[in-house]
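Undergrad: In my numbering, the protein residues as written are 9 to 220.
All residues carry an ideal CB built from backbone N, CA and C; glycine is no exception.
1. Step through the CB atoms of chain C and report whether any lies within less than 8 Å of the CB of residue 162.
2. In angstroms, rounded to a whole number, what distance separates the CA positions of residue 154 and residue 175?
3. Okay, do the segment 12-29 and the segment 110-120 touch, 3+ Cβ pairs below 8 Å being the bar?
4. For residue 41 and residue 102, what's the separation of their Cα atoms in angstroms?
5. For residue 219, collect the residues of the same chain with a Cβ closer than 8 Å to its Cβ; drop the 5 residues on either side in sequence, then sort them by chain order.
6. Does the Cβ-Cβ distance between residue 208 and residue 99 come in under 8 Å?
7. Quick check on residue 131: does DSSP put it in helix, strand or coil?
8. Within the same chain, show all residues whose beta-carbon is closer than 8 Å to that of residue 162, passing over the 5 residues directly before and after it, in chain order.
9. Using 8 Å as the threshold, is the C-beta distance between residue 30 and residue 71 below it?
10. Considering only C-alpha positions, which residue in the set 34, 26 and 204 is nearest to residue 117?
11. Which parts of the segment 168-212 are runs of the beta strand (DSSP E), unbroken and 3 residues or longer, counting only runs that do not cross its ends?
12. Can you tell which of 38, 130, 88 and 206 has its C-alpha closest to the C-alpha of residue 192?
13. Is the separation between the beta-carbon of residue 119 and that of residue 200 shorter than 8 Å?
14. Does the Cβ of residue 27 have 16 or more other Cβ atoms within 10 Å, making it buried, or fewer, making it exposed?
15. Name the residue from 195, 123 and 131 whose alpha carbon lies nearest to the alpha carbon of residue 22.
16. When you compare the CB positions of residue 97 and residue 82, do they come within less than 8 Å of one another, or not?
As structure tokens, then:
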């Protein structure tokens, strides 16, 4: 986050909010399984594996595999770094979310969930740096670790402002999750339509915000 330009920081905050929003929808629909937080799903898979709940193991394994597939496709579509790369990934994410909303509208809930998972995997390729994730957008463990380290720096007088971007990123995801939970109560998975619209709008903004 610290290395990003101000406009890119704003984009990162919006995308963290979008990830929180979509994850909240999936969590409520699935009754406690995530569509973006794969550490939690991995722990659930291990617990179900140990207790012999094979159906749950199969479902969680499918989610993990599709998340990796989404990340793979996102990186391929990005094809590098810069405005055009980010725009392509965001368009792909928006398309996946729109297809998920459409699948849900036709009662294909399992397909909608898998498309949501793929979209969250792809989102992590928006900010690539040397071919790897530059900013974690769909999970906050790394950001919270950096927040703690930055607070230590502030407490010792080395840098009193470094913590702010990481706190803002966490707050963005949390606010998005709250909004997702509230919207789910009203619309169910039809709440995916605004998420798809936001991703597609950000794709256009990212494409024309600067030269590639």
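TA: With the given structure in hand:
1. The structure shown contains no chain C, having only a single protein chain.
2. Residue numbering aside, residue 154 sits at position 146 when the chain shown is read from its first letter. Residue numbering aside, residue 175 sits at position 167 when the chain shown is read from its first letter. Cα to Cα, the separation comes out at about 9 Å.
3. Not touching, per the Cβ criterion.
4. Here the question's residue 41 lines up with position 33 in the chain shown. Here the question's residue 102 lines up with position 94 in the chain shown. Rounded to the nearest angstrom, the gap between the Cα atoms of residue 41 and residue 102 is 22 Å.
5. Taking the chain shown and counting its residues from 1, the one referred to as residue 219 is at position 211. With a pLDDT of only 41 at residue 219, under the threshold of 50, the placement of this residue in the model should not be trusted, and no figure is reported.
6. Along the chain shown, one-based indexing puts residue 208 at 200. Along the chain shown, one-based indexing puts residue 99 at 91. For residue 208 and residue 99, yes; Cβs fall inside 8 Å.
7. Position 123 of the chain shown, counted from the start, is the residue given in the question as residue 131. Note: residue 131 maps to helix in three-state DSSP.
8. As a position in the chain shown, residue 162 is number 154, starting the count at 1. Correct list, in chain order: 168, 169, 170 and 171.
9. As a first step, residue 30 is located in the chain shown; it is residue number 22 there, counting from the start. As a first step, residue 71 is located in the chain shown; it is residue number 63 there, counting from the start. It is not a contact, given that the beta carbons lie outside the stated cut-off.
10. Locating residue 117 in the chain shown gives position 109, counting from the first residue. The option with the nearest alpha carbon to residue 117 is 34.
11. If one requires a minimum length of 3 residues, no beta strand (DSSP E) run lies completely within the segment 168-212.
12. Sequence index remark: in the chain shown, residue 192 carries index 184 (1-based). Nearest Cα to residue 192 within the set 38, 130, 88 and 206: 38.
13. Here the question's residue 119 lines up with position 111 in the chain shown. Here the question's residue 200 lines up with position 192 in the chain shown. Between residue 119 and residue 200, the gap from beta carbon to beta carbon reaches 8 Å or more.
14. Taking the chain shown and counting its residues from 1, one reaches residue 27 at position 19. Residue environment: residue 27 is assigned as buried (16 or more neighbouring CB atoms within 10 Å of its CB, all protein chains considered).
15. Translated into the one-based positions of the chain shown, residue 22 becomes position 14. For residue 22, the nearest C-alpha among the options comes from 131.
16. Your numbering for residue 97 matches position 89 in the chain shown. Your numbering for residue 82 matches position 74 in the chain shown. Yes. Within cutoff.
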